Every structure is written in structure tokens, then in C-alpha cells.
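To start, the structure under review is shown below, and the notes come after it.
There are 4 protein chains.
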Amino acid sequence: MRRIPRQQRSREMVARIIDAVGEVLAERGLDNMTTNHVADAAGVSIGSLYQYFSDKDELVEALLESLSKRVTRDFHQQSVKLNMNTLPLRQLVELAIRYGMQSIRTNPLMYELARNWQRLPFDRLLEPLSQFFQVMAQPYFLKNYQNYPVENLQAKLYVLVHSTLFTSVHYLVQDVPTISEDELIATLTEMIVGMLEPPATGAG
Amino acid sequence: MRRIPRQQRSREMVARIIDAVGEVLAERGLDNMTTNHVADAAGVSIGSLYQYFSDKDELVEALLESLSKRVTRDFHQQSVKLNMNTLPLRQLVELAIRYGMQSIRTNPLMYELARNWQRLPFDRLLEPLSQFFQVMAQPYFLKNYQNYPVENLQAKLYVLVHSTLFTSVHYLVQDVPTISEDELIATLTEMIVGMLEPPATGAG
Amino acid sequence: MRRIPRQQRSREMVARIIDAVGEVLAERGLDNMTTNHVADAAGVSIGSLYQYFSDKDELVEALLESLSKRVTRDFHQQSVKLNMNTLPLRQLVELAIRYGMQSIRTNPLMYELARNWQRLPFDRLLEPLSQFFQVMAQPYFLKNYQNYPVENLQAKLYVLVHSTLFTSVHYLVQDVPTISEDELIATLTEMIVGMLEPPATGAG
Amino acid sequence: MRRIPRQQRSREMVARIIDAVGEVLAERGLDNMTTNHVADAAGVSIGSLYQYFSDKDELVEALLESLSKRVTRDFHQQSVKLNMNTLPLRQLVELAIRYGMQSIRTNPLMYELARNWQRLPFDRLLEPLSQFFQVMAQPYFLKNYQNYPVENLQAKLYVLVHSTLFTSVHYLVQDVPTISEDELIATLTEMIVGMLEPPATGAG
DNA sequence: CATGAATGAGTATTCATTCAT
DNA sequence: AATGAATGAATACTCATTCAT
Chain F
1 MRRIPRQQRS
11 REMVARIIDA
21 VGEVLAERGL
31 DNMTTNHVAD
41 AAGVSIGSLY
51 QYFSDKDELV
61 EALLESLSKR
71 VTRDFHQQSV
81 KLNMNTLPLR
91 QLVELAIRYG
101 MQSIRTNPLM
111 YELARNWQRL
121 PFDRLLEPLS
131 QFFQVMAQPY
141 FLKNYQNYPV
151 ENLQAKLYVL
161 VHSTLFTSVH
171 YLVQDVPTIS
181 EDELIATLTE
191 MIVGMLEPPA
201 TGAG
Chain V
1 MRRIPRQQRS
11 REMVARIIDA
21 VGEVLAERGL
31 DNMTTNHVAD
41 AAGVSIGSLY
51 QYFSDKDELV
61 EALLESLSKR
71 VTRDFHQQSV
81 KLNMNTLPLR
91 QLVELAIRYG
101 MQSIRTNPLM
111 YELARNWQRL
121 PFDRLLEPLS
131 QFFQVMAQPY
141 FLKNYQNYPV
151 ENLQAKLYVL
161 VHSTLFTSVH
171 YLVQDVPTIS
181 EDELIATLTE
191 MIVGMLEPPA
201 TGAG
Chain Y
1 MRRIPRQQRS
11 REMVARIIDA
21 VGEVLAERGL
31 DNMTTNHVAD
41 AAGVSIGSLY
51 QYFSDKDELV
61 EALLESLSKR
71 VTRDFHQQSV
81 KLNMNTLPLR
91 QLVELAIRYG
101 MQSIRTNPLM
111 YELARNWQRL
121 PFDRLLEPLS
131 QFFQVMAQPY
141 FLKNYQNYPV
151 ENLQAKLYVL
161 VHSTLFTSVH
171 YLVQDVPTIS
181 EDELIATLTE
191 MIVGMLEPPA
201 TGAG
Chain P
1 MRRIPRQQRS
11 REMVARIIDA
21 VGEVLAERGL
31 DNMTTNHVAD
41 AAGVSIGSLY
51 QYFSDKDELV
61 EALLESLSKR
71 VTRDFHQQSV
81 KLNMNTLPLR
91 QLVELAIRYG
101 MQSIRTNPLM
111 YELARNWQRL
121 PFDRLLEPLS
131 QFFQVMAQPY
141 FLKNYQNYPV
151 ENLQAKLYVL
161 VHSTLFTSVH
171 YLVQDVPTIS
181 EDELIATLTE
191 MIVGMLEPPA
201 TGAG
């Protein structure tokens, strides 16, 4: 079990180790990441590493947890910066997908995580992201479709977030794509918008 | 390179080994599967195993190839047995999802494969399945929506097949689901049907 | 123990296998030569191979034995062709060394054998060669230095043949030579001639 | 890469491992030497062994390096002890050869190394030995033959050192010698002395 | 005699984890 | 608390040789 660091110095050490996990993961890949590599990269003895993390797995979990916060924050900042909540849903969605795919493509760490998401405690990252979208979507719907059945919303978000993430990550990671990236984004956008717009757009 | 089995006995041995791969995989998991375990389970010397499979990877590939055929066939049989092509799209989709999820849940081997599909040459299985759905969908659309834009169809199927598979597999594998299985299936079904129905039923 | 082939067909098979040993050795090197490779190259089943050769080692032995004859014959032919026995000793020796080194350098099989001579039953090749030189030298000395102590000759030839062979083979095979090839040949020649010329050339 | 031992304990461990290499080599032979054997013989875990030696080859290299120093030192001591530099060349040479052959014959490790020197990084041992002879020879020549052509000396030493080593080692290792050891030594000595004495003592 | 499918002992190397200092 | 030296189980793959057919 991981010991919870109370001291300032300890917290710094934990942070250093988690950063090191990211570095090693990005540089050597999940398969070639060893606890000793991490300790080296963190400038910490392997013994100390095991003082704070009882397990190799815990290292990765901690990284994902840490990333989760950062990613959510980044997404939030980006959404504010681009005034996303003023955009029509379709544009908002497309922008978000593009931003996400670009992030993974350009960030070696994110890419390596994407390449191995299934072996990782990915929900650490997935859940808050899902939460974030939910939070972000909530006011949107309240504003635009007051009488939209919120009940349904959770399931829809679950399905859409997972579908979009898994499909686009798989697309980025797979060798030979069978459709173009624009087609993918357009179709995903259409799918999401189709699901989130009011069931029968009224006047009918 | 894998030696191609010409003799009857050889073909039996290959089959026995592939079966053994499945057994070991189901029992010990992908990470703890050993070539020697497989040889033991097949009642075959490790040397013989390597006479027919040049690689550990080739063992898994062969299993997936073999499963791919079986799964496609089972799906086909199931679709015939249930008279699927006479059903309305919504029921057809729901039935297919239920059947697929049930298969994975009840079959330890399928479950283990699902848990690790990202590390496996999974397209071996995904592609024929996708193909199968496409073939199955084609006449459906021809019958019901003659002037449906086929152009779009490929991208839509790509997105839908991947989304449905990834999301439902993830659902089965994850620890604490946040929505019920019925909700999941209903939402996935709605998503698929929504995408595949003619764009604007309106003026029709 | 190797079975001695009496039949014509058997003798052909043995010959084919020995040739195959040479091929495989030249192509794959001693370390990567396997009995199955040899059997394949000979177009013979591995079982048949073991009918005539009880051992992997025996294969190599047989090759060396066979080569021994060929090399001795080649040397003889060469010596006749170049009218060697009419030449002064110094030129004869130099020519022989050059010819030998050239043979090894240009013949991949000879080179591979040279690279591994110590692990091989090299005497199979060394002895007849030594014999050959002795036979070749005998008349030379009888003609030129009637009262030369033949007693000594055997030891001298032993030392000279071994020294020349080992040193030049090592030279050919080593990575970074510290003297030039011409220096090597000149020095070896001088060494040999110095040893074989009458102890005190008389007038003193 | 081999970790450089800084601690006292580490240096001891490295020494113990190198000794173990020698033991295993002497007992089981080069072909049957195993990293695990060495670790066992050293009373060290296989993991520790690999902490200091990155490779099986490095083990042998380290042994040779270590032996190289010892052999050179022993030779030097021996030469001092026997007042070799006061001896006439002929006796000096004969003594050296006898001492060398005796060392190999009586030391199982040296014998095994001699039997396999071609596969070993033997220049580690050959070079310093050659150097040693050169250094030892230099003053000798300066004293006795001031105007001796040093130009030639390098090639001569190359040829003589290699010839003597290879031939005598081969003699020790071969099964059925065709000349007596005394004959061998006498002839080698004659060869060396003949080469190293001034070209034509005649008119001097 | 011929075949070639089958055998299985044997080996270098890695890496998560511990624990004496 | 920190260190890092030490551990040793675990694993894919080769190849000489056999023997049932």
C-alpha cells in the first residue's frame, strides 16, 4: 500500500517520481519501463521509490491520476480560451475532437498511453474526463433544451465519450486507416450531435 | 516460418496446439501464457510446437484467425436462426449487441481476448466482423432506403462498429459500471439506429 | 560409428552430404551450421544423414579429410604448373605462401575453416600438407645438399609448416594487422629459407 | 554496460566472479561454461553477476585481461629470477619456451584457454606478451649488435612470437605428436636464434 | 534403407522487489 | 528515512538425435 507522504519533502519526491514515470514511459515505452529506470530518472534510489509506491502498477496509476487532473484542466482552459460554450454544439464537438486527437498525436507520453490504454488503469483518466464533459454539457442543455430528459444524458455521455475516445485513439494508433481523418471526425461529430440534439426537433 | 502441415497428423497437431493456446489463455491470461504451457496443454513437446509455429506471437495470431472464422460463422448462424433480416433495424441491432456481449461474458477465452484486444492482432477478428455487418447491412438498406448515400456508409460503419465494440467490451471488463447494462444497450442501439436511418425522414 | 558405404549409390550420397557440409559451412558459418541444414542442402533426409554419419563432428571431419586430398592435389598441380621444382628455394617458398594465402582469402569455405581451425580436426588437413611439403622438399635437398642431415628435416618441416600456416592464417583472419602482408611474406620466407639452407654455407 | 565497482565489497565480488570463470573454464571447458555455472561457482546470484558483467563474453574478456597481467608479471619475475638477460640468446629462448609450455601443460586453465585461444579475445594476452619480448629483446640487441636493422625487427618478432606460440600450443594440444618435445624446442630455438642473429656475421 | 516428425534438455538474460547497512 | 547491492524465478527458443512408419 502506498504510504501517504505528509512532509513537504516527501510530497516533492512523490511528484518527482511521477514525473519520472512519464518521462520513462514517453522515452522507452511501457514495455521497456522498469522501476529502476524510473528511480534513476527521478534521481531517487530504488529503495526510496518503494517507500512511496508499493508496486510498479501503482506508479502508473499515480501517473494517470496526475495526468487526469492536468488533462481536465487543459481541456477546461482550452474551452474557455476558445469561448467554446458560445459555439453551436456541432462546432464545439468537432473542435474538442480535433484538439484531443492533436494532443495525443503530438505528445509522446499521451501517444504511448493511448497505444496501451487497455493495459492501463485508464478509467483514472476516463472518468474525470467524462465527468468534465458532463459538467460542461449540463448548462448547455439547460440553456438550450430546458425540458430535455436528463435521465438519459448520463448513459448517452457514457456511450459517446467512450465511443469517441476509443475510436479516435484506435484510429491514431492503428497502422493502416481505412477512412480519412476528416471523415472520422465528421462522422463522430455527426454521431454525437445526432445523439445530443432533442429527440424530435419540435416543429414536426 | 511456420511449416505448412500437409499430413493429416500434422493438421491435427496444429489444431491441438491452437486449442491449447485458447485454454492457456483462458486459464492463465495473456501475460502468463508461456510457450511451454501451451506445449504442455497440447500434450506436445515444445520442439514440435516450434516446428509449426515460428513464434509465440504466431500462436496467438493463429488462435485469432481460427476464432475469427468461428465467430463470423456463429454470428451468421445466429442471424439466420433468429431471422434477423426480417426484423426492424432497431431489434436487429439490439439483438446483435446482446448476443455479442453475452458471448464475451460467458466465454472465458473471449473475455480474456477482449481484455487484451489492443495488444492482439485484433483486426484479424474485427475486419471480418465489420465486413459481415456491412454485408448484412447492404441488402437492408437497399431494400428500405434505395437512395441512401452509400458514400457515407463506410465511415459510419467504421465508427459504429468500433464504437460499439470498444464501448461494450470496456463495459464488460471494467470494474464498477456507472450505468446499467440495459441502459448501455439501449443507448448504443439508439446511437446506431440514429446514424443508419435516412438523414431526414422529414419530407418522405 | 560411421557406416562404410559399399554401394555405389551410398558412396554418392556420402559425397553429396560432404559437399553440403562445405556449402553450409561457407554460407552460414560453423556456428550456424546444423545437421538439418546439411541434410537439406544435400537433398537428403536427416535420417539418412545419420545412417552414414554418427555425429555432427563426423561431418566436419569427413569434409576436412576430403578437402585435404583436394588441397594437396591442387598444391601439387600448382607446383607442376609453375615448374616449382626448378625454382630457387626462396622463390618457391614465397610462391607457395602467396598461393596459400590467396586460396584462403578467395575461397569462402577455406576462409571459414581458417577462422575456426582450432575447433576443427585440422590435423586432417595439416598432416597431409606437411607430408606433401616433405615429399616435395626431399628431392630438392637430395639434389642440392647431398650431405644435409635429414634427421633434422622432419622437425624443421614440422615447425616451419605449422608456423607458416598458423601465422599466415591468423594474419588473414585477425582484424587489425600490425605489419603489412608483404612484410609478413618476406619474413616468413626468410625464416624458412634460413632454416632449410645448409647450416654453414661452406666457405667459412 | 559493466557497472564499475567502487566499493571494496564490489571489487571483491568482481574478483570472485573472475576467479569463478577460471574455475568453470578449467573444469567444464569453454563450450560447457554457463553464466549460471559461473555464478554458482562464485557463490553469487546470477543477477549480481549481470550487475557487473553485461555479457557472457565480458566474463571471458575479464578473465583474459586479468590473466594477461599475471602472465606478463610471472614471465618477468621468471626472467629476473633466472637472470635471463645475462644469458646467451639461445639459452634465454629455450628457457622461455620451456617455461611457457610447462605453464600451459600444468595449468588446466591455461590449457583450456590454449585449446580455444582462437575463439577468445586472445590478443589481450598475445599483445602484452609480444610487447614484453620486444622490450626484453631491445637491450639485448642494442648491447650485442649495435647496428642491427631495427626496421625489420617488428616483422620478425611478429612472425616469431606467433609461430612459436601457435606451434607449441598446437603441439601441446594435439593428440599424437610426430616429433619429440625436445626436438620441437630445439628447432624452435634454432629458428628464433637464426632469425635474430645478425644477418651475416661473416666479414665482421 | 529412407523418411521427417517429434523430442526436450539446455541457456542467456531481465527486472520487480527486498533488506542489510 | 534513504540507499543500492543483491536476489533468483521466470522464459523463449535451438538443434542434435531418435525411431515409428
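Residue numbers (this note's numbering), protein chains in the order written: chain F, 1 to 204; chain V, 1 to 204; chain Y, 1 to 204; chain P, 1 to 204.
All residues carry an ideal CB built from backbone N, CA and C; glycine is no exception.
Everything numeric in this text was worked out from a predicted model, so none of it was measured.
The residues 36, 39, in chain order, have a CB closer than 6 Å to that of residue 46(F) in the same chain once the five nearest residues on each side in sequence are set aside. Contact annotation: residue 109(V) and residue 26(V) have beta-carbon atoms nearer than 8 Å.
Taking 4 residues as the shortest admissible run, the stretch 16-79 of chain Y contains the following complete alpha helix (DSSP H) segments, listed from N- to C-terminal end: 35-42, 46-52.
Per the Cβ contact rule, the stretch 154-165 of chain F is not in contact with the stretch 60-74 of chain F (fewer than 3 Cβ pairs under 8 Å).
Spatial neighbours of residue 111(F) in its own chain (CB-CB distance under 6 Å, excluding positions within 5 residues in sequence) are listed in chain order as 104. Considering only beta carbons, no part of the stretch 62-82 of chain F lies closer than 9 Å to chain V.
Within the stretch 99-130 of chain P, those residues whose Cβ lies closer than 8 Å to any Cβ of chain Y are, in chain order, 115, 116, 117, 118, 119, 123. Within chain P, the residues whose beta carbon sits less than 7 Å from that of residue 156(Y) are 187, listed in sequence order. Contact annotation: in the stretch 21-38 of chain Y, no residue has its CB less than 8 Å from a CB in chain P. With a beta-carbon spacing of about 47 Å, residue 193(Y) and residue 49(Y) fall beyond the 8 Å limit used to define contacts. In this structure, DSSP gives residue 95(Y) a helical state, which the three-state scheme calls helix. Around the Cβ of residue 115(V), a 10 Å sphere holds 16 or more other Cβ atoms; the residue is buried.
Chain-ordered listing is empty here: chain V has no CB closer than 9 Å to the CB of residue 181(F), the nearest sitting near 11 Å. Contact annotation: residue 16(V) and residue 61(V) have beta-carbon atoms that are not nearer than 8 Å. The criterion of a C-beta distance shorter than 8 Å is not satisfied by residue 65(P) and residue 155(Y). In the same chain as residue 107(P), and ignoring 5 residues on each side of it, no C-beta atom comes closer than 7 Å to its own. If you draw a straight line from the Cα of residue 129(P) to the Cα of residue 80(Y), it comes to about 41 Å.
Residue contact with chain Y for residue 178(P): present (Cβ-Cβ distance below 8 Å to some residue of chain Y).
Using a CB distance cut-off of 8 Å, residue 191(P) counts as an interface residue toward chain Y. Judged by beta-carbon spacing, residue 178(P) lies within the 8 Å limit of residue 158(Y), meaning their Cβ atoms are closer than that value.
Comparing alpha carbon positions, the residue from 93(V), 172(V), 153(V), 136(V) closest to residue 187(V) is 93(V). A direct Cα-to-Cα measurement between residue 122(F) and residue 132(F) gives close to 16 Å.
Each of 85(Y), 52(Y), 172(Y) was checked against the Cα of residue 137(Y), and the nearest Cα belongs to 85(Y). At a cut-off of 8 Å between C-beta atoms, residue 195(F) counts as an interface residue with respect to chain V. Around the beta carbon of residue 29(P), fewer than 16 other beta carbons lie within 10 angstroms, which makes this residue exposed.
For residue 166(Y), the residues of chain P that pass the 8 Å Cβ criterion are 162, 163, 166, 167, 170, in the order they occur in the chain. Residues of the stretch 82-94 of chain V with a Cβ closer than 8 Å to any Cβ of chain F: none. The shortest C-alpha to C-alpha distance from residue 142(F) to any of 33(F), 197(F), 100(F) is the one to 197(F). Among the residues of chain V, none has a CB under 9 Å from the CB of residue 59(F); the nearest is roughly 17 Å distant. Around residue 22(Y), the same chain offers 63, 109 as residues with beta carbons nearer than 7 Å, after the five sequence neighbours per side are excluded.
Residue contact with chain P for residue 135(Y): absent (no Cβ-Cβ distance below 8 Å to any residue of chain P). By the Cβ-count criterion, residue 135(F) is exposed, with fewer than 16 other Cβ atoms from all chains shown falling within 10 Å of its own Cβ. Within the stretch 43-56 of chain F, not one residue has a Cβ closer than 7 Å to any Cβ of chain V.
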